[in-house]
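The numbers in this note's numbering rise by one with no breaks, and the one at position 122 of the sequence shown is 143.
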Amino acid sequence: MPLSPDSPLFSPPPEGSTPCLVQVAVHTPVHSGVGGLLSYTCATPLLPGTLVRVPLGTRELLGVVWEQAEQAEALAPEQLKPVRSVLQGLPPLSASWRRLVGFAAQYYQRSLGEIALTALPPALKDMTAEQLAKRLAPPKPKKLSKKAQAALAAEQATPTAHAEASGAVTTECIALSAEQQSVCVQMDQHPGPFLLYGATGSGKTEVYLQRVQQALEADPQAQALVMVPEINLTPQLLSRFTARFAPLFGPQAVVSMHSGMTNPQRLKNWLAGHSGQARVLLGTRMAVFASLPGLKVIVVDEEHDPSYKQQEGARYSARDLALWRGRAEGAQVILGSATPSLESWHASEPESSGGPGRYLRLHMPSRIGAAELPRVRLVDMRQQPKRTVFSPPLLAAITERVQRGEQALVLLNRRGFAPVLFCADCNWKSDCPHCSAHQVFHKGDRTLRCHHCGFTQRVPHACPECGNPDILPLGKGTEQLEEELARLLRNVQRPDGEPARVGRIDADTTRLKGALEQQLEQVHSGEIDVLVGTQMVAKGHDFRRITLVAAVQPDGALFSSDFRAPERLFCLLMQAAGRAGRDGSYVAAQGSRPEMWVQTHEPEHAVFQALRSHDYPRFAGQQLRERQDAGMPPFAFQALVRADAKTQETAQAFLRAASEAAQQGQLPHLDAVFLFPPIPMAMQRVADVERAQMLIEATDRRALLRFLHAWQPWLHWLRSQPAHKGLVRWLVDVDPQSL
Ligand code: ADP
Ligand code: ZN
Ligand code: ZN
């Protein structure tokens with residue numbers, strides 16, 4: 022329902038006096054060409070950052086008042102429409118928030134309005150004024166029962182009561198390790214940004230907690246932004262932050278923000294940040310745009326994670342924006358990782374060793390509590406019979422762990438039962454009719470499902486081509502691995518005499534709300550002995566009793582055409598290894614040793630060799646040298662222009678025309694950028710759309726951005742030409758994360 026102008030929160034502008042001109046950012050489709058601000062009139066001047074409702078065509082839209090653009094529109098006020106209503110009650114969005122939006126729009130080549138409006142909670146756009154009024158009204162003091170009053174009084178008397186009552190560990194008097202202490206001291210003495218390079222389990226999260234606490238205690242208005250790559254990591258971190266800060270700063274002090282929330286929840290938490298009431302906002306990439314007037318600290322946990330890059334609409338990097346925002350707002354930025362991105366590793370190479378020294382690199386090599394990093398064992402699969410899924414030594418190792426009451430994690434980055442069904446008689450494969458991909462066989466519900474477009478069919482009883490009833494699953498997915506492990510371990514018993522239990526966590530098992538939490542709880546409580554999972558469980562989780570992690574088929578990533586594939590694989594395996602043996606005293610009491618097993622056909626590969634020695638710096642150094650020699654990021658800057666069309670030829674024709682237009686239009690910095698010829702994307706067809714891309718590279722970032730900026734109008738113009746009628750869409754991706 023649209024906001025109603027006659028609500029008390031929306032006062033129609035007073036009549037009479039000469040109207041003022043206001044510039045308003047509204048969300049118009051970026052490809053319509055209306056990219057900038059729209060002009061309206063208003064009876065009274067409005068502060069920039071004020072939210073308004075404005076007419077556009079036949080619609081009424083939410084907009085943000087912006088500062089007057091330099092070349093203000095030539096239209097006379099009488100030709101402009103008036104602002105419909107002004108959203109009262111909300112303080113205007115700050116100048117620094119608007120600068121962040123402005124920067125992001127410019128950098129990622131999107132319209133200001135698009136970034137501004139997608140950064141606001143969706144509920145603001147279409148909730149009724151009454152609902153908003155209710156949100157903004159101060160909560161009515163509830164009448165408490167005598168018992169509740171007594172409980173509250175007791176709780177206020179003992180500051181840690183919250184944490185204890187909720188079963189969380191009280192970490193009030195936690196003594197920092199020497200490494201943590203040294204890191205904190207350096208963070209006191211330096212403005213940052215910092216790259217906290219700490220082994221998995223070295224206590225990075227504890228450092229974040231300390232830094233945030235210090236900032237919040239120093240200034241009653243201070244706020245912190247803590248970002249995690251994926252929603253599934255928010256619950257655990259949220260409970261750690263809440264357990265620590267609710268007793269100190271009140272139960273409302275920590276709020277979260279991610280795409281798994283309902284719109285009303287997201288609005289509520291956004292308002293808590295905007296009003297300053299929330300002191301800590303914990304969220305996924307979208308949180309980087311949250312309005313936080315008192316922002317003093319920004320943490321980007323697992324900063325290397327590709328999930329920080331938005332892959333739809335405005336393709337921004339939340340990590341990079343966090344760095345920009347920190348600098349612009351004077352907030353300290355901490356990037357944390359056990360396997361930093363090569364970009365951040367390079368940026369934190371000290372000046373003394375010839376690097377740019379843009380971030381201060383701080384190292385925490387040791388795990389907390391004398392926990393040791395897992396020993397890495399490579400199994401050479403060339404020595405194993407063909408089609409071996411679990412090599413005998415790995416199976417024996419898992420069995421032994423289960424018999425000792427320990428847990429194991431088996432990692433395979435492919436869900437479903439088998440990636441494809443196959444007919445040996447006629448070579449039929451279960452290809453998706455709409456994509457250049459196979460349909461994955463899901464045994465549980467007997468379906469063939471395309472993981473790219475979602476197209477789903479029942480499994481055929483016989484080969485659709487030749488009628489052969491004997492069609493076979495080819496390759497393994499997590500569903501099959503779970504089944505196979507359960508069979509292999511069927512006679513294995515835990516110390517309590519119970520049979521070994523195998524569980525699985527992946528996108529299929531966690532579709533329902535709350536399912537992931539429940540399944541993780543089964544792991545934490547020891548109900549499951551062997552967990553099979555995708556990368557979803559490889560990162561971040563603080564499992565206490567897992568002592569063995571195995572990657573059974575990681576080789577696929579080595580053959581990718583993307584130059585970042587080795588880096589990705591190395592990170593994933595290091596992260597996965599980091600799930601083993603996190604609790605040093607548990608491991609010692611068990612008389613056990615944590616292990617990371619990798620089954621591979623290429624044990625000599627640099628990725629596995631570096632993994633074996635836990636030697637990230639060596640791996641990073643070698644990768645960076647290769648990139649420097651090849652002139653690739655971070656030594657060069659890239660953008661992709663992508664075109665989608667019904668046919669590959671149409672898509673490529675658009676890109677070729679765009680390239681020619683750039684040459685003929687004599688665009689600025691043309692000599693500083695290199696335009697590669699258009700090629701089909703690796704995933705060439707998705708949902709019946711053909712996709713092509715063109716890479717643009719430059720050694721000078723500013724030149725690249727200026728070039729792209731000047732190119733945009735040409736791309737819009739080309740799009741409108743009859744020759745390119747068949748084009749479905751085009752888009753620009755600055756600093757693309759996958760090629
Ligand atoms: P990371 O984020 O580097 O993986 P965590 O911060 O999760 O590491 O720490 C690993 C484990 O060690 C957690 O269970 C945490 O509670 C504990 N821990 C962290 N710092 C300390 C400390 N100084 N003393 C005792 N335990 C700690
Ligand atoms: Zn067949
Ligand atoms: Zn498909």
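Virtual Cβ for every residue (Gly too), placed ideally from N, Cα, C.
All figures in this text were calculated on a predicted structure; none of them were measured in a lab.
Beta-ladder partner(s) of residue i, from DSSP
i, result
"V247", "L303 and V320"
"K330", "S338"
"F712", "Checking the displayed sequence, the identity of residue 712 turns out to be Arg instead of Phe. D665, per the DSSP bridge assignment."
"H384", "Y218"
"E718", "Q659 and F695"
"Q44", "S60 and W87"
"T621", "D401"
"I567", "Q428"
"K225", "None, per the DSSP bridge assignment."
Ligand 2 heavy atom lying under 6 angstroms from the CB of residue i
i, result
"W751", "no"
"C592", "no"
"N489", "yes"
"E81", "no"
"E486", "yes"
Proximity test, residue i beta-carbon vs ligand 3 heavy atom, cut-off 6 angstroms
i, result
"F476", "yes"
"C471", "yes"
"C763", "Outside the modelled stretch of the chain, which goes from 22 to 760, sits residue 763, for which no answer is possible."
"H455", "yes"
Beta-carbon gap between residue i and residue j smaller than 7 angstroms
i, j, result
"Q353", "V318", "yes"
"L688", "F728", "yes"
"G304", "H325", "no"
"T555", "D527", "yes"
"F462", "P414", "no"
"V553", "L502", "yes"
"H473", "Y218", "no"
"Q244", "G347", "no"
"Q201", "V228", "yes"
"L342", "G561", "no"
"P250", "Y329", "yes"
"A125", "I136", "yes"
"R398", "W618", "yes"
"V423", "A521", "yes"
Proximity test, residue i beta-carbon vs ligand 1 heavy atom, cut-off 6 angstroms
i, result
"Q389", "Inspection of the sequence shows that residue 389 is occupied by Ile rather than by Gln. It does: the Cβ of I389 is within 6 angstroms (strictly closer) of some heavy atom of ligand 1."
"I567", "no"
"G602", "no"
"I355", "no"
"D563", "yes"
"S606", "no"
"T221", "yes"
"E227", "yes"
"L197", "yes"
Integer-rounded CB distance, given that residue j should sit under 8 angstroms from residue i
i, j, result
"A713", "A657", "Not a contact, Cβ separation roughly 22 angstroms."
"V47", "L72", "Contact flag wrong, Cβ pair sits at about 11 angstroms."
"D756", "Q659", "7 angstroms"
"L691", "H626", "Not a contact, Cβ separation roughly 40 angstroms."
"P615", "A631", "Incorrect: roughly 18 angstroms between the Cβ atoms, too far for contact."
"D446", "N489", "4 angstroms"
"Y337", "Y129", "5 angstroms"
"I355", "S223", "The pair is not a contact, with the Cβ atoms about 14 angstroms apart (cut-off 8 angstroms)."
"L768", "V107", "Nothing can be reported for residue 768: it is not among the residues displayed for the chain, which extend from 22 to 760."
"L83", "L133", "Not a contact, Cβ separation roughly 14 angstroms."
"V513", "A429", "The pair is not a contact, with the Cβ atoms about 11 angstroms apart (cut-off 8 angstroms)."
"E364", "P654", "7 angstroms"
"A299", "A293", "4 angstroms"
"G599", "T221", "2 angstroms"
Ligand 5 heavy atom lying under 6 angstroms from the CB of residue i
i, result
"G224", "Looking for ligand 5 in the displayed structure turns up nothing; the ligands present are ligand 1, ligand 2 and ligand 3."
Would you say the stretch 227 to 240 touches the stretch 366 to 378, given that touching needs at least three Cβ pairs under 8 angstroms? no
Is it the case that the stretch 357 to 375 contacts the stretch 284 to 291, given that we only count it when at least three CB pairs across the two stretches are under 8 angstroms? no
Does the stretch 453 to 473 come close enough to the stretch 700 to 714 to have 3 or more Cβ pairs within less than 8 angstroms? yes
Taking contact to mean at least 3 C-beta pairs separated by less than 8 angstroms, is the stretch 499 to 515 in contact with the stretch 384 to 400? no
Flag this pair as touching only if the stretch 256 to 272 and the stretch 115 to 124 have three or more C-beta atom pairs under 8 angstroms; answer yes or no. no
Below 8 angstroms, can you find three or more Cβ-Cβ pairs linking the stretch 673 to 681 to the stretch 693 to 701? yes
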